[in-house]
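> Residue numbers (our numbering), protein chains in the order written: chain U, -15 to 278; chain P, 1387 to 1516.
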């Protein structure tokens, strides 16, 4: 299995503040990985380290096996859309494309121009005069015109309305279908990651709290409801949260086998359930075993 | 061509929702042998969903012997699930549509119709089994 992004014991300090501490993770190639976590958890720092814009204070970052930022050929394989999709407000989309063509050794300007035409983005108008959704599409188009193998997106849809968010994500998913593209996408809107991400990284308090394949994570957790005096049933590996009234107990649990105890009602979890359950219990965590990380 | 929809509130994971929708279409004759399924790209971009999920659904259907991927051409139905009862389905469907019309006239919202159908079907099956 090819690994697109790998970090080992990565820490990053700004002045006296540690933005990341001991961050170890691997994102396999070909995946769409969602990066979630509360504000200040270190998401943007991790993404900037991944694209070589920052260097770690400690530890190692590798993109397709190499440290990013040193080798121009490697940088050519990485596309990055920073938070709030920054562009030059007084330049047109066409001028941005020309700019990109001159700066990048591989550049698919035709596909980029076609994409913008298909999306109805006026290439000759200044970016300032475009809608937020169109600006985001221009930024995505620029990042994709490099034909990257890894595309890193920092909260690309946070400021967009629901329709523009969906159009952006449709374009992105279409591109993933067209070729073997790895995507790492941060968002605090978990609903936008549902259906899109097949890999999940939860960062909390500058550490990796949850990591793994989304289907495996969902299959390996359940919400259990039962009488308040009932013992934790067989099949439960760890209780992440335990809430309830004097009559009823609700467990959010990591399971190692299906729970078949008749005293307990079992409900499958959604991605949102999973993320919220872990984020509200910062000391709990789940990481894949050694075989999954290999 | 079949169009997929996803129910986010469903407890069924997305890839299985697609598998079930293809199986239903095969049962009701909406899809027949030789029909082409929409491309993974079209499904991924129209539902803004991960293409790996669509691929997983198509692989499952292929594994079940219902469809076949032909390189460069697409994914085609190779086996139908429509039984001999298919011919009778048109009449039954018409009667059901007429019944749904009466339910709507009686003021039943979608959820109530769904609940009534579900509970009645369940009771009917239980009686049959007894």
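Even glycine gets a Cβ: it sits at the ideal position worked out from N, Cα and C. Since the model is a prediction, treat every value here as computed from it, not as a measurement.
With three or more beta-carbon pairs closer than 8 Å as the criterion, would you say the region 97 to 111 of chain U touches the region 25 to 35 of chain U?
In short, these stretches do not touch, since the Cβ pair count stays below three.
> What separation, rounded to the nearest whole angstrom, lies between the Cα atoms of residue 274 of chain U and residue 11 of chain U?
In this prediction, residue 274 of chain U scores a pLDDT of 47, lower than 50, which makes its location untrustworthy; no coordinate-derived value is stated.
> Ignore the nearest five residues each way along the sequence and tell me which others in residue 78 of chain U's own chain have a CB closer than 7 Å to its CB.
Counting only Cβ-Cβ distances below 7 Å, and skipping sequence neighbours, we find 107 and 108.
> Hey, which unbroken runs of the alpha helix (DSSP H) at 4 residues or more fall wholly within the region 162 to 223 of chain U?
Taking only runs of at least 4 residues, the alpha helix (DSSP H) segments lying wholly in the region 162 to 223 of chain U are 174 to 177 and 198 to 203.
> Is any beta-carbon of chain P found at less than 7 Å from that of residue 153 of chain U?
Yes, because at least one Cβ of chain P sits closer than 7 Å to the Cβ of residue 153 of chain U.
> When you check each C-beta in the region 1411 to 1444 of chain P against every C-beta of chain U, which residues fall closer than 9 Å?
Flagged, chain order: 1425, 1426, 1427, 1428, 1429, 1430, 1431, 1432, 1433, 1434, 1435, 1436, 1437, 1438, 1439, 1440, 1441 and 1442.
> Is it buried or exposed, residue 215 of chain U, if we count other Cβ atoms within 10 angstroms and call 16 or more buried?
Residue 215 of chain U comes out exposed.
> Does DSSP put residue 277 of chain U in a helix, a strand or coil?
Interpretation of residue 277 of chain U is limited by its pLDDT of 42, a score under 50 that renders its predicted location unreliable; no figure is taken from the coordinates.
> Applying the 10 Å Cβ sphere with the 16-neighbour rule, what's the burial state of residue 98 of chain U?
Residue 98 of chain U is exposed by the Cβ-count criterion.
> In the DSSP assignment, what are the bridge partners of residue 76 of chain U?
Answer by DSSP bridge pairing, in chain order: U:110.
> In or out: residue 0 of chain U buried (at least 16 other Cβ within 10 Å) or exposed?
By the neighbour-count rule (16 or more Cβ atoms within 10 Å), residue 0 of chain U is not buried but exposed.
> Cβ of residue -9 of chain U within 7 Å of Cβ of residue 19 of chain U?
Cβ atoms of residue -9 of chain U and residue 19 of chain U: not closer than 7 Å.
> Considering only residues of the region 5 to 77 of chain U, which uninterrupted beta strand (DSSP E) runs meet the minimum length of 3 residues and lie entirely inside it, listed in chain order?
List check, beta strand (DSSP E) in window: 16 to 20, 42 to 47 and 62 to 65.
> Which of the residues in the region 153 to 169 of chain U, read from start to end, lie with their CB under 9 Å from any CB of chain P?
Residues passing the 9 Å Cβ filter: 153, 154, 155, 156, 157, 158, 159, 160, 161 and 162.
> Got a sec: which bits of the region 176 to 204 of chain U sit with their beta carbon under 8 Å from any beta carbon on chain P, in order along the chain?
Going along the region 176 to 204 of chain U in chain order, one finds 178, 179, 180, 181, 182, 199 and 202 with a Cβ nearer than 8 Å to chain P.
> Could you tell me if residue 248 of chain U is buried or exposed, where buried requires 16 or more neighbouring beta carbons within 10 angstroms of its beta carbon?
Counting Cβ neighbours within 10 Å, residue 248 of chain U comes out buried, since at least 16 surround it.
> Grouping DSSP H, G and I as helix and E and B as strand, with all else coil, what is residue 232 of chain U?
Note: residue 232 of chain U maps to strand in three-state DSSP.
> Along the chain, where does the alpha helix (DSSP H) that runs through residue 125 of chain U open and close?
Element bounds for residue 125 of chain U: 116 to 129.
> I'd like the list of long-range same chain contacts for residue 262 of chain U, defined as Cβ closer than 8 Å, with 5 residues on each side in sequence excluded.
Excluding positions up to five away in sequence, the list reads 186, 188, 193, 194, 224, 268, 269 and 270.
> On the CB-based measure, 16 or more other CB atoms within 10 Å of its CB, does residue 1486 of chain P come out buried or exposed?
Classification of residue 1486 of chain P: exposed, given that the 10 Å Cβ count is below 16.
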